[in-house]
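Per UniProt numbering, the sequence shown starts with residue 1, numbered consecutively. A virtual CB, placed ideally from N, CA and C, is assigned to each residue, including glycine. Computed from a predicted structure; not experimentally measured.
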Amino acid sequence: MTNPGAASGHVHTISGGSGFNLDMSFEDARASKCSSCMVKQDMSNYWTPALYFAHANGSFTLVEQVGLIVYYLPRSNPKDPGSVKAFPDGFRMLAGNPYKRSFDGSDMAKAIGVNCLGGSREPTRQPDFPPNNCPNGMRLEVMFPSCWDGKNVDSKNHQSHVAYPVGGETGPCPSGFPVRIETLFYEIMWSVDPWKDRWKEAKNTSQPFVLSTGDPTGYSLHGDFLNGWDGDVLQKAIDECTADSGVIEECKVFEFYDYEDGKNKCFQTPAIDESVTGTLAALPGCNPISAGPEDVTVCAEKSPPKLFDHITVFGGLSGGNHSHDVATRSSQPSSPDSTSAKSSASAETFVQASSADDTSAGRATAADASTSSAAGPDPSAGSMMPSTAVWASIGAVALIGLLVAVYLCARRGPAPAAPPDSEKQALRSSSDEARSGSDSETSLRH
């Protein structure tokens, strides 16, 4: 969103509809042929920065992401002038600040967090990366604003048209933001335990991981959301699906993909000719490591990667092969509001998404949906949410009203190899192997 028609400044992991492109409209999203999330009426895209292990020799290896859970939460306040509304057509927003390197106490800063699962202590939400291993995964968390100005579906920084409630997620909406929308909450699980015996080989032996923004602190964690919902369906679910079980299948408003069939996959070839998996000499883009504490400034990329001409969507869920042009600034500008400047902007169970391989349109990691349902993590464990029983339906998205269900959307792209092997891999560009959707995972920038 912040750099439409070109490669993003850093690598992301992407979930959702196959219409994802370098530049896209709401209509592009709705035209998706399939999704890595379970609900057929949702062709939205959800993305966050990737995580790397920073080696002492200056190289970086992509860490395996094992799932994204998107919660749709029924937060409201008696002072709200109306009921919770579905996202309007064309709506998009960004939560967090990719340039941040310290905690400033703002609502935006409080909406970002890290939970270390497993080990000798209870999961405790904190604003930065922990200085210890997380045996059951390191869970990154992003809470989105839930108050809308009721007028603009986007803004230049993708944040000014929305706001956080006053005093916390169940507080009233502030002046100028009268419309209550669904509260989105992302949980992104990273498998960091395979690296537990490698910390001594890291650039920073007290905390070896960095976000794709070049951030070793975690403060630059952020999330993007591009609405692709059938709005009438989402509103009907908000109004009618009010059970307290948290089981998304109980909401009869939705239709679901059948991921029990292993043939049901949703693939997309990359739009950018670039290697971002395995072990890399540097982070893709211009992202030197910076721990702050001051905010970092935009760094211009000297040699942007080459773009392919077409993207092909295929797999069991796509209904055949579908090719469309890569949307660049010169070919299909569809998002007029953008900026590349600074933005003003848990349970012990380790839920694994057994995702099939997939590739994505941009500089991002990506993934297909999983094949079974499983108990999901309670977002209240070490997070900002009140306690509630939550079930995750793998490949589903969180629900609504009083029903707190979740989407466990698979990443649109494959998991990296285990650390010892991935370091031995030669650097490669997005070749015919990647473009054919093979089972070796690829990651791209968007």
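Judged by DSSP in its simplified three-state form, Pro135 adopts coil rather than helix or strand.
For Phe314, the CB contacts under 6 Å within the same chain, skipping 5 residues up- and downstream, are Phe267 and Asn321 in chain order.
Runs of alpha helix (DSSP H) with 4 or more residues, each lying fully within the region 80–156, are found at 107–110, listed in chain order. Per DSSP, Asn264 has no beta bridge partner at all. Short of 8 Å from the beta carbon of Ile311, and not among the five residues preceding or following it, lie these beta carbons of its own chain, in chain order: Asn21, Gln268, Thr269, Pro270, Ala271, Ser323, His324, Asp325, Val326 and Ala361. Per DSSP, the continuous beta strand (DSSP E) segment holding Gln65 begins and ends at Glu64 to Leu73.
In summary, Lys263 is exposed, with fewer than 16 beta-carbon neighbours lying within 10 Å of its beta-carbon over all protein chains present. In the DSSP secondary-structure assignment, Asp224 is bridged to Trp47 and Leu94.
Beyond the five residues adjoining it in sequence on each side, Thr213 comes within less than 6 Å, by CB distance, of His10, Pro49, Pro98, Ser220 and Asn287 in the same chain, given in chain order.
The three-state reading of DSSP puts Ala202 in strand, counting E and B together. The alpha-carbon separation between Lys79 and Ala29 amounts to approximately 34 Å. The region 164–174 and the region 43–58 do not touch, with fewer than three beta-carbon pairs separated by less than 8 Å.
Assigned with DSSP and collapsed to three states, Lys306 falls in strand.
By the beta-carbon neighbour count (other beta carbons within 10 angstroms, threshold 16), Thr297 is exposed. In the DSSP annotation of this structure, Leu283 is not part of any alpha helix (DSSP H), being labelled neither H nor E. Note on geometry: alpha-carbon atoms of Asn157 and Trp229 lie some 22 Å from one another.
In the three-state scheme derived from DSSP, where H, G and I count as helix and E and B as strand, Gly231 is classed as helix. Residue pairing for Arg180: DSSP places it in a beta bridge opposite Cys147. DSSP places Phe26 inside the alpha helix (DSSP H), whose first and last residues are Phe26 to Arg30. Here Gly82 is exposed, its C-beta having fewer than 16 other C-beta atoms within 10 Å. Residue state for Asp273 is assigned as strand, using DSSP reduced to three classes.
Shortest Cα-Cα distance from Val142 to any of Pro127, Ala111 and Cys116 involves Ala111. A direct Cα-Cα distance of roughly 17 Å separates Ser18 from Glu255. Going by DSSP, Leu211 is part of the beta strand (DSSP E) stretching over Phe209 to Leu211.
Taking the Cα of Trp148 as reference, the smallest distance to any Cα among Cys173, Leu226 and Asn136 is reached at Cys173.
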